[in-house]
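Asker: So the mapping is simple: this note's numbering equals the position in the sequence shown, first residue as 1, plus 805.
This is the structure I want to talk about, given as structure tokens.
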Amino acid sequence: MSKKSLPRPTRAELELLRVLWERGPSLVREIHESLRPQKETGYTTTLKILQKMAEKGLVARDESQRSHVYRAVLQAEQTQRQLVRDLLRRAFGGAPAKLVVQALSEEAISTEELAEIRRLLDQLEARQSRKGAK
Numbered sequence: 806m807s808k809k810s811l812p813r814p815t816r817a818e819l820e821l822l823r824v825l826w827e828r829g830p831s832l833v834r835e836i837h838e839s840l841r842p843q844k845e846t847g848y849t850t851t852l853k854i855l856q857k858m859a860e861k862g863l864v865a866r867d868e869s870q871r872s873h874v875y876r877a878v879l880q881a882e883q884t885q886r887q888l889v890r891d892l893l894r895r896a897f898g899g900a901p902a903k904l905v906v907q908a909l910s911e912e913a914i915s916t917e918e919l920a921e922i923r924r925l926l927d928q929l930e931a932r933q934s935r936k937g938a939k
């Protein structure tokens with residue numbers, strides 16, 4: 806299965822992926838323990854979700870030892886881009902400005918985040934100008 810055709814992770818799968826992105830390859834027990842403070846889920850539920858994720862190609866399982874080690878197949882940024890692309894098409898009709906307006910109006914934004922957004926917009930504008938000059 807190619808990386809571009811991986812299925813969109815569910816909310817529960819994203820929670821497990823966040824743990825793997827933060828911790829790196831981990832045992833089921835380690836993943837489960839990382840989730841316990843915010844979520845009351847049984848160990849077997851965590852294991853079952855990871856097994857389904859492995860079947861879907863979202864995680865890879867190292868079976869070389871008695872305890873299986875799971876790792877995310879894609880990096881966080883790759884999955885985030887995939888999710889944003891899907892959301893952009895499905896909810897905003899492919900209009901990035903509408904997505905950005907909704908995202909920025911939903912939560913308070915720090916001065917640092919606003920400066921980062923301005924910097925990214927400046928870079929995008931410069932790229933667009935260079936393309937137009939060719």
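Glycine included, each C-beta is placed from N, C-alpha and C at the ideal position.
Keep in mind that this is a model prediction, so the values were computed, not measured.
Assuming Val874 is part of the beta strand (DSSP E), what are its boundary residues?
Answerer: If you number the sequence shown from 1, residue 874 lands on position 69. Val874 -> beta strand (DSSP E) spans 874-877.
Asker: Counting only runs of 4+ residues fully inside the stretch 861-923, write out the alpha helix (DSSP H) ranges in chain order.
Answerer: Segments of the alpha helix (DSSP H) lying fully in the stretch 861-923: 881-897, 901-911.
Asker: Use the C-beta contact count for Glu827: other C-beta atoms within 10 angstroms, 16 or more gives buried, fewer gives exposed.
Answerer: Translated into the one-based positions of the sequence shown, residue 827 becomes position 22. By the 10 Å Cβ count, Glu827 comes out exposed.
Asker: For Leu893, I'd like the list of residues in its chain whose CB is within less than 7 Å of its CB, leaving aside the five on either flank, ordered along the chain.
Answerer: Here residue 893 is taken as the residue at index 88 of the sequence shown, counted from 1. Excluding sequence neighbours, Leu893 sits near Gly899, Pro901, Leu904.
Asker: Can you look up Leu852 in the DSSP assignment and give me helix, strand or coil?
Answerer: Start at 1 with the first residue of the sequence shown, and residue 852 comes out as number 47. Reduced to three states, the DSSP call for Leu852 is helix.
Asker: To the nearest angstrom, report how far apart Ser915 and Glu882 are at their CA atoms.
Answerer: For the purposes of this step, residue 915 is taken as residue 110 along the sequence shown, with counting starting at 1. For the purposes of this step, residue 882 is taken as residue 77 along the sequence shown, with counting starting at 1. Taking the straight line from one Cα to the other gives about 21 Å.
Asker: In chain order, what residues of the same chain have a beta carbon less than 7 Å from the beta carbon of Ser872, not counting five sequence neighbours either side?
Answerer: Counted from its first residue, the sequence shown places residue 872 at position 67. Taken in chain order, the residues that qualify are Leu832.
Asker: Label Tyr875 either buried or exposed according to how many other C-beta atoms from any shown protein chain fall within 10 Å of its C-beta, with 16 as the threshold for buried.
Answerer: Working through the sequence shown from its first residue, we reach residue 875 at position 70. Counting Cβ neighbours within 10 Å, Tyr875 comes out buried, since at least 16 surround it.
Asker: Would Gly862 and Leu819 be called neighbours here (beta carbons separated by less than 8 Å)?
Answerer: Along the sequence shown, one-based indexing puts residue 862 at 57. Along the sequence shown, one-based indexing puts residue 819 at 14. Not a contact, by the Cβ cut-off of 8 Å.
Asker: Check this for me: beta carbons of Asp891 and Arg816, under 8 Å apart or not?
Answerer: Locating residue 891 in the sequence shown gives position 86, counting from the first residue. Locating residue 816 in the sequence shown gives position 11, counting from the first residue. Taking 8 Å as the Cβ cut-off, Asp891 and Arg816 do not qualify as a contacting pair.
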